[in-house]
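Here is the structure we will look at, set down as structure tokens.
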Amino acid sequence: ILVLGPLLARHGSAEVSLPGGCAIGSRPVTVHLNGLQALGAEIRLEDGFVKARAQRLRGASIVMEMVSVTGTENLLMAATLAEGHTRIENAAREPEVVDLARMLNAMGARINGAGTSVIEVEGVDSLHGCEHQILPDRIETGTYLVAAAMTGGDVFLRRTDPRLLDSVLAKLREAGAELYEDGDGIRLRMQQRPRAVDIRTAPYPAFPTDMQAQFMALDAIAEGSAKITETIFENRFMHVSELQRLGARIDSDGKTAVVRGVPRLQGAPVMATDLRASACLVLAGLVAEGETLIDRIYHLDRGYEVIEEKLGALGADIRRVRNQSGKAA
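With our numbering as the guide, the letters of the sequence shown map in order to residues 281 to 609.
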């Protein structure tokens, strides 16, 4: 869906399939489509495809009905080549939106306000090439930091940006981790059993929903009890039942889960249901006694590059194997 806006703005027509991704709840594309229609696009939904046409998009004032990172990015790219002025209100403030705006400006766009809830775009006729260094993946960084905190490790992560992780680092400190920031690096040391920490997800700069599952794994072996509240997606506790198979004590009801930490988990076969749930199970497997087999790790590969090699280099006993059907597990 993210290519719909730029293709439409550049070529006057576009046809893309409706998005899939993780089955973690409703991800309506209406915020994308309504915004593009406000810019003058004609849109039809046919046979699982979005078909859009517009001779030339026109600037408009758009109030997004919900905060959406990809929705903001799609409209931002479309508005860059639209005729006239576009104002996007209730825009996502995530660092990835800011980074996209920075790159587009380097290509000749005229964008102001990225990183705030109101973005102003003055359309241009064309863009040119540029060189741009993309942001480090803050969720990958956070995942490895939680892995170190759960295992009592001492790791230094290079080529990251601590400024993107304020809410995550605050929770790790609350859990008892020692953190040292050094330029583009973060060092974490954990010399005790983690303390349970409450989590409430919300749009940036609050705690990211993409780190909720990893912290649930941490809370599962922590000292004390924690309450985890998921406010972004309505179906993002599918990892609960799999953590319970490993011995975790978790009670979930709607958007809230209560985790009562146990001294240890026990390895067992589990199944990944989505990207961050699979990462959560890997972290739980690192601290569980015995062997943990995680099936359907194709979810994991959507967001982590050779995670088994990176964790293995830190001393984890982890490897990729084939299950009975011949698929990676």
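From the three backbone atoms N, C-alpha and C, an ideal C-beta is built for every residue, glycine too.
Query                                                                                                                                                                       : Result
Below 9 Å between beta carbons: does that hold for residue 349 and residue 309?                                                                                             : no
Between the beta-carbon of residue 483 and the beta-carbon of residue 457, is there less than 9 Å?                                                                          : no
State yes or no: is the C-beta of residue 494 within less than 9 Å of the C-beta of residue 422?                                                                            : yes
Nearest by alpha-carbon distance to residue 329: which of 477, 532, 298 is it?                                                                                              : 298
Nearest to residue 519 by CA position, among 507, 552, 397, 505, is which residue?                                                                                          : 552
Out of 318, 296, 469, 557, point me to the one whose CA is closest to residue 331's CA.                                                                                     : 296
Going by beta carbon distance, what residues of the same chain come within less than 8 Å of residue 404, once the five residues before and after it are set aside?          : 360, 361, 388, 389, 390
Would you please state the rounded distance, in angstroms, between the beta carbons of residue 333 and residue 293? I believe it to be under 8 Å.                           : 5 Å
So what does residue 331 bridge to, in DSSP terms?                                                                                                                          : 295, 324
If we count the other Cβ atoms within 10 Å of its Cβ and call it buried at 16 or more, is residue 516 buried or exposed?                                                    : buried
Looking at residue 440 and residue 466, is the spacing between their C-beta atoms short of 9 Å?                                                                             : yes
Let me make sure I understand the geometry here. Which of 568, 533, 496, 558 has the alpha-carbon closest to that of residue 543?                                           : 568
Can you tell me whether DSSP reads residue 527 as helix, strand or coil?                                                                                                    : coil
Can you look up residue 465 in the DSSP assignment and give me helix, strand or coil?                                                                                       : strand
Note down the Cα distance separating residue 311 from residue 358, rounded to an integer number of angstroms.                                                               : 14 Å
What is the residue span of the alpha helix (DSSP H) that residue 378 lies within?                                                                                          : 375-386
Using C-beta distances below 7 Å, list every residue in its chain close to residue 534, excluding the 5 sequence neighbours before and after it, in chain order.            : none
Determine the burial state of residue 479: buried for a count of at least 16 other Cβ atoms within 10 Å of its Cβ, exposed for fewer.                                       : buried
Going by C-alpha distance, which of 406, 525, 344, 444 is nearest residue 420?                                                                                              : 444
Measuring alpha carbon to alpha carbon, tell me which of 438, 469, 375, 563 ends up nearest residue 453.                                                                    : 469
Just to confirm my understanding: we take residue 438, look at its own chain, exclude 5 residues before and 5 after, and list those with CB closer than 7 Å. What are they? : 464, 465
Going by CA-CA distance only, name the one from 448, 290, 459, 416 that's closest to residue 337.                                                                           : 290
Span of the alpha helix (DSSP H) holding residue 437?                                                                                                                       : Segment 434-437 is the beta strand (DSSP E) holding residue 437; no alpha helix (DSSP H) there.
For residue 572, which of 578, 581, 560 has the nearest alpha-carbon?                                                                                                       : 560
Can you list, in chain order, the residues of its chain whose CB lies under 7 Å from that of residue 540, leaving out five sequence neighbours each side?                   : 505, 529
So, residue 476 versus residue 523, is the Cβ gap smaller than 9 Å?                                                                                                         : no
Do residue 580 and residue 555 have their C-beta atoms within less than 9 Å of each other?                                                                                  : yes
When the cut-off is 9 Å and only beta carbons count, does residue 388 lie next to chain B?                                                                                  : The structure shown contains no chain B; it holds only a single protein chain.
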